[in-house]
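Structure, as structure tokens:
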């Protein structure tokens, strides 16, 4: 989900379990969505994207689901590993803002061995 | 692959000094962006550029200047640094205007004393 104040939402999962990270986006005119992973001291790294004419897209161990009715995006990570521990951001591409990406606040994923 | 390179990785400067953060990409992407990342604010767009010699303001442009004389370089200058500009700065590039992911550098951590 989205953060409030200075603290990121945190999701803690056991190694091997599946993780689901959620994101609510703001604009019904947004037509393209991206998930990023950010590890400490590094820049955001592209994970997977989805266009608004799709409701599901799968990558390697990751799946993105898009529900345009409720403006909700989720990232599912299968068989979560310690290396998946990071902050995950969703971003939306709003056609009304010249194609600039708008980023969510992020969710911190912590994987327990 | 080189991708996007930012320099320096760390910089400490004094209030009132001018400082330039460098960004170089090897993909010949048309679009380049500068973001700052602060706890509680996520990633905020400072400036972006659609091509050489074309730049435009983002969400938080005050106190910053950019130029883009060559496609591969997009330097960000703080003309007179203030403590509120202490942040982590990320440069990113994108092949087109829409429906393609941003690729980020590893950031410059700037401290203004």
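Chains as they are written, first to last, in this note's numbering: chain A, 1 to 113; chain B, 1 to 113.
In this text, a Cβ means the ideal position worked out from N, Cα and C, and glycines have one as well.
Note to self: Let's see if you can read the secondary structure: which residues bound the beta strand (DSSP E) around residue 13 of chain B?
What the structure shows: 10-13
Item checked: Simplified DSSP state of residue 114 of chain B, which is helix, strand or coil -> The question about residue 114 of chain B has no answer here: the residues shown for chain B are numbered 1 through 113.
Check: Looking only at DSSP bridge pairs, what is residue 108 of chain A linked to?
Finding: A:10, A:87
Notebook entry, point to check: Exposed or buried, which one is residue 32 of chain B when buried takes at least 16 other CB atoms within 10 Å?
Noted result: buried
Notebook entry, point to check: Just to confirm, are residue 62 of chain A and residue 50 of chain A a CB contact at a threshold of 7 Å?
Noted result: no
Item checked: Whole-angstrom distance between residue 47 of chain A and residue 37 of chain A, CA atom to CA atom -> 7 Å
Next item on the list: Kindly indicate if chain B contains any beta-carbon less than 7 Å away from that of residue 83 of chain A.
Entry: no
Notebook entry, point to check: Any contact of the segment 72-83 of chain B with the segment 20-28 of chain B, i.e. 3+ C-beta pairs under 8 Å?
Noted result: yes
Notebook entry, point to check: Using CA coordinates, which residue listed in A:92, A:83, A:111, A:113 is at the minimum distance from residue 105 of chain A?
Noted result: A:92
Item checked: 6 Å CB neighbourhood of residue 112 of chain A in its chain, flanking five on each side removed -> Taken in chain order, the residues that qualify are 14.
Notebook entry, point to check: What residues of chain A sit near residue 105 of chain B, judged by a beta carbon separation below 9 Å?
Noted result: 43
Notebook entry, point to check: Applying a beta-carbon distance threshold of less than 9 Å, which residues of chain A neighbour residue 51 of chain B?
Noted result: The premise fails here: residue 51 of chain B is roughly 14 Å from chain A at the closest Cβ pair, so nothing lies under 9 Å.
Next item on the list: Leaving out five residues on either side along the sequence, give the residues of the same chain with a beta carbon under 8 Å from the beta carbon of residue 45 of chain B.
Entry: 33, 34, 35, 58, 59, 60
Check: Between the segment 25-32 of chain A and the segment 2-10 of chain B, do at least 3 Cβ pairs fall closer than 8 Å?
Finding: no
Item checked: Local Cβ density within 10 Å of residue 101 of chain B, reported as buried at 16 or more and exposed below that -> buried
Item checked: With 16 other Cβ atoms within 10 Å as the buried cut-off, status of residue 34 of chain A -> buried
Notebook entry, point to check: Can you tell which of B:68, B:62, B:83, B:50 has its C-alpha closest to the C-alpha of residue 16 of chain B?
Noted result: B:83
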